[in-house]
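Trainee: Handing you a structure now.
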Amino acid sequence: MQTVKMVISGAVNAGKTEFIRSISEIEVVSTERRATDDTRMIKKETTVAMDFGRIAIGPDLVLHLFGTPGQKRFDFMWEILSEGMLGLVILVDSTRPETFRETNRIIDFFISYRDTAYVIAANKQDRPNAWSPEELRLALRQPPHIKVLPCVASDRESVKNVLLELLYVIQERSEE
Amino acid sequence: MIARINGRDTLAEIAQKTNLKEFDVCRIVYGFLTAGLVEVVKKPVPMPLARGGPVETSRVKRSLVNRIISRIKGM
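Here the protein sequences line up with chains A and B, keeping their order. Positions 0 to 175 (numbering that gives the first Met the number 0) are the ones given, in order, by the first sequence. Positions 0 to 74 (numbering that gives the first Met the number 0) are the ones given, in order, by the second sequence.
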């Protein structure tokens, strides 16, 4: 059985767990625990190790989705989870500009030591105060060739679109 | 366990040498981190690899990517 891995990362409360839940064929293996630091101002529970989802591609091939913890103190998990990944989705909470700096730090972490195929998903586009993908591109200082995509992590079709756009990036770079 | 933390071995290598699961090693090391006994040392950052170079994504066969695309489209 061949497995391929994609990693979903982003700052706290960007929507990583929800993103994986929307598309995974199995109930997501989650490590959510009661938030004990500043995170509890935003939500009651937060991911402390990883989220894990799975999509069967065929009898011999499985796609694994790993969500990273968002909090900086768990950043040692990022390297472990990203080992051997095919591609990366960076989720951004488009309604919270105070998280954009942290998002940049996360992008830098992942692309500084690997030539990783990645896209940025501008989550929570259904909220009235959401920054548009193009505004986010400027805020995150992303070059034009990096895809910044609209996303609503609770909507399966939207999640499918983000994964497909990432796969098209990977496809362009793959071998015949 | 703490004797195995030497600033050179990765968490995966420590797990291998101690016969512990990587997750358990992470949990223990996190305890050390919060107690201030150890600190995280990042690996030296290598030069960025050129596009099309020998990297994980570019080693992937296009047929495999096409299969995943077809499956996701069909969901």
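Yeah, the Cβ is synthetic: ideal placement off N, Cα and C, and Gly gets one too.
Pairing CB atoms from the region 18 to 31 of chain A with CB atoms from the region 52 to 64 of chain A, are three or more of them under 8 angstroms?
Mentor: Short answer: they touch.
Trainee: Does the beta carbon of Ile71/B come closer than 7 angstroms to any beta carbon on chain A?
Mentor: Judged by the 7 angstroms Cβ criterion, Ile71/B is in contact with chain A.
Trainee: Between Ala121/A and Val158/A, is the Cβ-Cβ spacing less than 7 angstroms?
Mentor: Contact: no.
Trainee: Determine, using beta carbons only, whether Ala116/A and Ile169/A come nearer to each other than 7 angstroms.
Mentor: Against a cut-off of 7 angstroms, the Cβ pair of Ile169/A and Ala116/A comes out as a contact.
Trainee: Is there at least one Cβ from chain B nearer than 7 angstroms to Ile105/A's Cβ?
Mentor: So, not an interface residue.
Trainee: In this structure, how does DSSP classify Arg53/A when only helix, strand and coil are distinguished?
Mentor: It is a strand residue.
Trainee: Since Val6/A and Leu80/A are thought to touch, with beta carbons under 8 angstroms apart, how far apart are those beta carbons, to the nearest angstrom?
Mentor: The Cβ separation is near 6 angstroms, so the contact holds.
Trainee: Go to Asp92/A, then tell me how far its alpha helix (DSSP H) extends in each direction, as first and last residue.
Mentor: Here Asp92/A belongs to no alpha helix (DSSP H); instead the beta strand (DSSP E) covers 86 to 92.
Trainee: By the criterion of Cβ-Cβ separation under 7 angstroms, what are the contact partners of Leu62/A in chain B?
Mentor: Within 7 angstroms Cβ-Cβ: Ile67.
Trainee: List the whole-angstrom C-beta distance separating Arg58/B from Glu175/A, where the pair is believed to meet the contact cut-off of C-beta under 8 angstroms.
Mentor: At roughly 12 angstroms, the Cβ-Cβ gap does not stay under 8 angstroms, so Arg58/B and Glu175/A are not in contact.
Trainee: Who are the neighbours of Glu21/B on chain A, taking C-beta pairs under 8 angstroms?
Mentor: Residues of chain A passing the Cβ test: Ile79.
Trainee: Give the interface partners of Met0/B over in chain A, defined as CB-CB distance under 8 angstroms, in chain order.
Mentor: In chain order: nothing, as chain A lies at least about 15 angstroms away.
Trainee: Work out the CA separation of Val37/B and Val28/B for me, nearest whole Å.
Mentor: Rounded to whole angstroms, Val28/B to Val37/B spans 8 angstroms at the Cα level.
Trainee: Out of Ile56/A, Trp77/A, Lys4/A, Gly14/A, state which residue places its alpha-carbon closest to the alpha-carbon of Ser111/A.
Mentor: The shortest Cα separation from Ser111/A among Ile56/A, Trp77/A, Lys4/A, Gly14/A belongs to Trp77/A.
Trainee: Indicate whether at least one CB of chain B lies closer than 7 angstroms to the CB of Ile56/A.
Mentor: At least one chain B Cβ lies under 7 angstroms of Ile56/A.
Trainee: Express the C-alpha separation of Leu32/B and Val24/B in angstroms, rounding to a whole number.
Mentor: Looking at the two C-alpha atoms, the distance is approximately 12 angstroms.
Trainee: Tell me the DSSP secondary structure of Lys159/A in three-state form.
Mentor: DSSP places Lys159/A in helix when its eight states are reduced to three.
Trainee: For the beta strand (DSSP E) that contains Thr2/A, what are its first and last residues?
Mentor: It spans 1 to 9 - the beta strand (DSSP E) in which Thr2/A sits, taken as one unbroken run.
Trainee: Quick check: Ala13/A and Leu90/A, are their CB atoms within less than 7 angstroms of each other?
Mentor: Contact: yes.
Trainee: Given that Leu36/B touches chain A, what residues does it touch there, using C-beta distances under 9 angstroms?
Mentor: Residues of chain A passing the Cβ test: none, with the nearest at roughly 14 angstroms.
Trainee: Taking 7 angstroms as the threshold (C-beta atoms), are Phe109/A and Leu87/A in contact?
Mentor: Closer than 7 angstroms, so yes.
Trainee: Note down, in chain order, each residue of its chain lying with its Cβ closer than 6 angstroms to the Cβ of Ile13/B, except the 5 sequence neighbours on either side.
Mentor: The residues are Arg3, Val24.
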